[in-house]
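One line per chain: the protein sequences are U and S, in this order. Sequential numbering from 31 applies to the first sequence in the numbering used here. Sequential numbering from -2 applies to the second sequence in the numbering used here. Structure first, then comments.
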Amino acid sequence: MRLLIKGGRLIDPASGLDRIGELAIAGGRVVALGEVSRDFSAERTIDATGLVVAPGLIDLAARLREPGHEHEGMLESELAAAAAGGVTSLVCLPDTDPPLDEPGLVEMLKFRARKLSRCRLFPLGALTRGLAGETLTEMAELTEAGCVGFSQADVAIVNTLTLQRALLYAATYGYTVWLRPQDAWLGGGVAASGPVATRLGLSGVPVAAETVALHTIFELVRSTGARVHLCRLSSAAGVELLRRAKAEGLPVTADVSINSLHLTDVDVGFFNAAMRVTPPLRQQRDRDALQAALADGTIDALVSDHTPVSSDEKTLPFGEATPGATGLELLLGLALHWGEMQKLSLGQTLACITHHPVRVLGAAIGSLGNSAGRLVAGGVADVCVFDPAARWAVRADALVSQSKHTPFAFETSGFELAGRVHTTLVAGVVAYERSLA
Amino acid sequence: MLSRRNPQLNRHGELIHLLSIEGLPKAVLTQILDTAGTFLSVNDRDVKKVPLLRGKSVFNLFFENSTRTRTTFEIAAKRLSADVINLDIARSSTAKGESLLDTIANLSAMHADMFVVRHSESGAPYLIAQHCAPHVHVINAGDGGHAHPTQALLDMYTIRHFKGDFSQLTVAIVGDIVHSRVARSDIHALTTLGVPEIRAVGPKTLVPGDLREMGVHVFHDMAEGIKGADVIIMLRLQNERMSGAMLPSAGEFFKHFGLTADKLARAKPDAIVMHPGPINRGVEIDSSVADGTHSVILPQVTYGIAVRMAVMSTIAGNEA
Chain U
31 MRLLIKGGRL
41 IDPASGLDRI
51 GELAIAGGRV
61 VALGEVSRDF
71 SAERTIDATG
81 LVVAPGLIDL
91 AARLREPGHE
101 HEGMLESELA
111 AAAAGGVTSL
121 VCLPDTDPPL
131 DEPGLVEMLK
141 FRARKLSRCR
151 LFPLGALTRG
161 LAGETLTEMA
171 ELTEAGCVGF
181 SQADVAIVNT
191 LTLQRALLYA
201 ATYGYTVWLR
211 PQDAWLGGGV
221 AASGPVATRL
231 GLSGVPVAAE
241 TVALHTIFEL
251 VRSTGARVHL
261 CRLSSAAGVE
271 LLRRAKAEGL
281 PVTADVSINS
291 LHLTDVDVGF
301 FNAAMRVTPP
311 LRQQRDRDAL
321 QAALADGTID
331 ALVSDHTPVS
341 SDEKTLPFGE
351 ATPGATGLEL
361 LLGLALHWGE
371 MQKLSLGQTL
381 ACITHHPVRV
391 LGAAIGSLGN
401 SAGRLVAGGV
411 ADVCVFDPAA
421 RWAVRADALV
431 SQSKHTPFAF
441 ETSGFELAGR
451 VHTTLVAGVV
461 AYERSLA
Chain S
-2 MLSRRNPQLN
8 RHGELIHLLS
18 IEGLPKAVLT
28 QILDTAGTFL
38 SVNDRDVKKV
48 PLLRGKSVFN
58 LFFENSTRTR
68 TTFEIAAKRL
78 SADVINLDIA
88 RSSTAKGESL
98 LDTIANLSAM
108 HADMFVVRHS
118 ESGAPYLIAQ
128 HCAPHVHVIN
138 AGDGGHAHPT
148 QALLDMYTIR
158 HFKGDFSQLT
168 VAIVGDIVHS
178 RVARSDIHAL
188 TTLGVPEIRA
198 VGPKTLVPGD
208 LREMGVHVFH
218 DMAEGIKGAD
228 VIIMLRLQNE
238 RMSGAMLPSA
248 GEFFKHFGLT
258 ADKLARAKPD
268 AIVMHPGPIN
278 RGVEIDSSVA
288 DGTHSVILPQ
298 VTYGIAVRMA
308 VMSTIAGNEA
């Protein structure tokens, strides 16, 4: 399909491009942007007047719940949710049932996603078999099958020797290991340690659960040379350790979830199970530090941490409720909201959900890395067209995802999101169109 | 984020559920204590019944075992002429895999008017109050480490009975504060009723520093902590605390934080000693103190029935 998007505000965070212009797409690629030659004959023209034409969003953390938890979300519904959220590439976690520790499982997932052609899917393989933290997976085989890195999801490795060897082995091939810094023993609680958890009588997760793990990881990065991506930082102290590690030149990157970026433990209110997320929501000074660190680039990427949870698993007492929230369709709006608060330009705001996460992925996504998360002539036509002025309320029945639970639901938060996705293109093909939804 | 209305009050500010002391106005607490006073005489009569809850069904839902608390609620409901149904859910439905809300829906279909709930998870009574029919009232009889509001109210009744006025008191709460729903509810009640000095006393594993943000003075030395106190509330020490590496032994705890006559001598001469029960003699309290002249542990139990009658009759009279 030959497509022309005209009248829109073209933004490419990587090059600083920000101008009204046209975007011509053919053969799944951007063939011209800015001024498009009159010779370009489009089969379809999209009028983007008043809208922003940006690179498709890159989400480094979403759970699709397949295989194993199909009742909580399925590839079909969740990839549709991604497209509705303007997300054109996403990294999915290996904590499925069974975990992604076999090349066959990864191949099947990639195959199913390709058939749906809604969104590019980049699985993380399990770092250890069954995520049990004992034996290594066949990382080279898994990489051939399509894995872009290796992760334990939320399962901490208790045995430091195993972790050291996993990092050494991954470093042999230059694979990135994605670790969520949480000490297995200190991380057992259901809410962040602090006045709110103490007042509500909820078991706490101290900041030390994160900092102890970070110290361990940084020491092992120093000794093994492995490249590590730190998932879901949650504390001001964690941010400070990351800042120092980056200043030292350690090969580390990091992300933060939309939940930790915008919420605090006070939002738990009267035991609202929608606020039960992992890592737990911390205090305001932590949230402020996370917002600042994302703005100054210490934290590389903002992620949806999309985790479908069934209603049965959420209508339980706070401590028994399954952690997690829907997020794919909220990523853009919550990024824009953060950018407004930080007084960032639209390009600077979008960087943390476009080309910065692509930098985190690095060589693992091959030649796609040259143009994903960017808007460049000759690059892949993964595009998100959105209305930056539109405000919308998050309501369960308006979400495409099977998972409806979110801390940002209008009925409990009274909160309106900025930015409404108009059209999502993946490789030049329309994956979502608001007017048809 | 929106601030939501306190779920235990209706739009007129009247109590419809009792879930926590936190956020309740002083007038509501005082009114319950006053009402409890009028019920105390009922308990002394030959015919110990008033017809306030006649025809009403009170379901005792104990997801966690407790004989004492359940019994006092049962007696209170019966003295108000209610029909009482005791469900030991710890051993029935949930063991068969039924969810909490399914259990509540089924019991609501049996036309319950009031649920008295004890649950091992903090906040469980909030979930029940949110999901039960509008005419059903919920009383929290203890949820995890969060709240035990009727215990706090009976403690306040006891303090008011023996001390008269809250505004000059120093109250020390001693022992396993971090796991104690009684301590949290007592702290909120004492604060609301105007007690100027509330102390939390115990080792650092059991008394978290965050308590300071609840307006509490934290002491890790028993002698300092109860010095000059008018009221000493001792908490029960669970055996699990030793296996969870919170404490080395009951013996060492008793030596440093157990209430003995020696230590009690540092409090005011007319200090009262309270305990929510059941007491562990020789672990948190010495027998000579538990049975001594300062102890008001048994009067607490008596007042507990009147206070629970007051809570039940109050909320039953208010509409959602």
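A virtual CB, placed ideally from N, CA and C, is assigned to each residue, including glycine. Predicted model, so just to flag it, every value in this text is computed and none were measured.
Counting only C-beta atoms, is A226 (chain S) closer than 8 Å to chain U at any point?
No, no contact with chain U.
Assuming contact is defined by CB atoms lying nearer than 8 Å, are E281 (chain S) and L256 (chain S) in contact in what I supplied?
Against a cut-off of 8 Å, the Cβ pair of L256 (chain S) and E281 (chain S) comes out as a contact.
Near A138 (chain S), what residues of its chain come up, given a Cβ to Cβ distance below 7 Å and the 5 sequence neighbours on each side ignored?
So the list reads T66, F70, V113, V114, R115, T147, once near-sequence residues are dropped.
Output, in chain order, the set of chain U residues within a Cβ distance shorter than 9 Å of S96 (chain S).
Residues of chain U passing the Cβ test: D342, T345, L346.
Should L203 (chain S) be flagged as near chain U, meaning a C-beta pair shorter than 8 Å?
By this cut-off, L203 (chain S) is not an interface position.
Assuming N40 (chain S) is part of the alpha helix (DSSP H), what are its boundary residues?
Segment 23 to 41, the alpha helix (DSSP H) holding N40 (chain S).
Let me make sure I understand the geometry here. Which of S:T32, S:L98, S:N62 has the alpha-carbon closest to that of L77 (chain S)?
Per the Cα distances, S:T32.
Which of the three DSSP states is assigned to E446 (chain U) in this structure?
In the structure shown, E446 (chain U) sits in a strand (DSSP, three-state: E or B).
Pick out whichever of U:F348, U:K276, U:Q372, U:T454 has its Cα sitting closest to the Cα of R252 (chain U).
Closest by alpha carbon: U:K276.
V390 (chain U) by DSSP, collapsed to three states: which one?
Here V390 (chain U) sits in helix by DSSP.
Applying a beta-carbon distance threshold of less than 9 Å, which residues of chain S neighbour L225 (chain U)?
What sits at residue 225 (chain U) in the sequence shown is Pro, not Leu. D207, L208, R209, E210, M211, listed in chain order.
Any residues in the stretch 105 to 119 of chain S with a beta carbon nearer than 8 Å to a beta carbon of chain U? Which ones, in chain order?
Within the stretch 105 to 119 of chain S, the qualifying residues are H116, E118, S119.
At 9 Å on the CB atoms, spell out the chain U contacts of G172 (chain S), in chain order.
Correct list: empty, because the minimum Cβ distance to chain U is about 16 Å.
Suppose the cutoff is 6 Å on Cβ atoms and the five residues either side in sequence are ignored; what does the same chain contact list for Y300 (chain S) look like?
L151, Y154, T155, listed in sequence order.
In whole angstroms, what separates the C-alpha of E73 (chain U) from that of I35 (chain U)?
Each residue's Cα considered, the two are about 11 Å apart.
So R196 (chain S) contacts chain B; which residues on that side make the cut at Cβ distance below 7 Å?
This model lacks chain B altogether; the protein chains it does include are U and S.
How far does the alpha helix (DSSP H) with N289 (chain U) in it extend, from its first residue to its last?
288 to 292 is the extent of the alpha helix (DSSP H) around N289 (chain U).
Per DSSP, what kind of secondary structure is N281 (chain U) in: helix, strand or coil?
It should be pointed out that residue 281 (chain U) corresponds to Pro in this sequence rather than to Asn. Coil, per DSSP.
Please tell me whether R148 (chain U) and A112 (chain U) are closer than 8 Å, where the distance is taken between their beta carbons.
In contact: R148 (chain U) and A112 (chain U) (Cβ atoms closer than 8 Å).
Is any beta-carbon of chain S found at less than 8 Å from that of T308 (chain U)?
False, the Cβ-Cβ gap to chain S never drops below 8 Å.
Taking any Cβ of chain U, which residues in the stretch 141 to 160 of chain S have a Cβ under 9 Å from it, in chain order?
So the close ones are G141, G142, H143, A144.
What runs of the beta strand (DSSP E), each 3 residues or longer, lie entirely inside the stretch 322 to 346 of chain U?
Complete beta strand (DSSP E) runs here, min 3: 331 to 333.
Does L124 (chain S) have its Cβ less than 8 Å from a Cβ in chain U?
So, interface residue.
So which residues of chain U does R178 (chain S) contact, with C-beta pairs closer than 9 Å?
Chain U residues near R178 (chain S): G231.
For the beta strand (DSSP E) that F348 (chain U) lies in, which residues bound it at each end?
Per DSSP, F348 (chain U) belongs to no beta strand (DSSP E) and is neither H nor E.
Express the C-alpha separation of T167 (chain U) and E132 (chain U) in angstroms, rounding to a whole number.
When rounded, the distance between both Cα atoms is 8 Å.
Would you mind reading off the limits of the alpha helix (DSSP H) that contains K36 (chain U)?
Counting along the chain, K36 (chain U) falls outside any alpha helix (DSSP H), though it belongs to the beta strand (DSSP E) covering 33 to 42.
Can you list the alpha helix (DSSP H) stretches of 4 or more residues lying completely in the stretch 153 to 193 of chain U, in chain order?
Counting whole runs of 4 or more residues, the stretch 153 to 193 of chain U contains the alpha helix (DSSP H) stretches 169 to 175.
Distance, Cα to Cα, P387 (chain U) vs H128 (chain S)?
Answer to the nearest angstrom: the Cα atoms are 42 Å apart.
For a contact meaning CB atoms closer than 8 Å, what does P4 (chain S) contact in chain U?
Those within 8 Å of P4 (chain S) in chain U are F300.
Please report the residue range of the beta strand (DSSP E) in which E6 (chain U) lies.
The requested residue 6 (chain U) does not occur in the structure, where chain U is confined to residues 31 to 467.
What does the alpha-carbon distance come out to for the pair E249 (chain S) and T189 (chain S)?
Cα to Cα, the separation comes out at about 35 Å.
Can you check DSSP and say which residues form a bridge with R84 (chain S)?
Looking at the sequence itself, residue 84 (chain S) is Leu, so the reference to Arg does not match. BP columns for L84 (chain S) point to S:L58.
Using C-beta distances below 7 Å, list every residue in its chain close to V424 (chain U), excluding the 5 sequence neighbours before and after it, in chain order.
Excluding sequence neighbours, V424 (chain U) sits near L360, T436, F438, A439, F440, L447.
Residues in its own chain within less than 7 Å of S431 (chain U) by CB, not counting five upstream and five downstream?
Correct list, in chain order: G103, S107, E108, A111, P338, T356, L358, E359.
By DSSP, does S296 (chain S) sit in helix, in strand, or in coil?
One point to set straight first is that residue 296 (chain S) is Pro, not Ser, in the sequence displayed. Helix at P296 (chain S).
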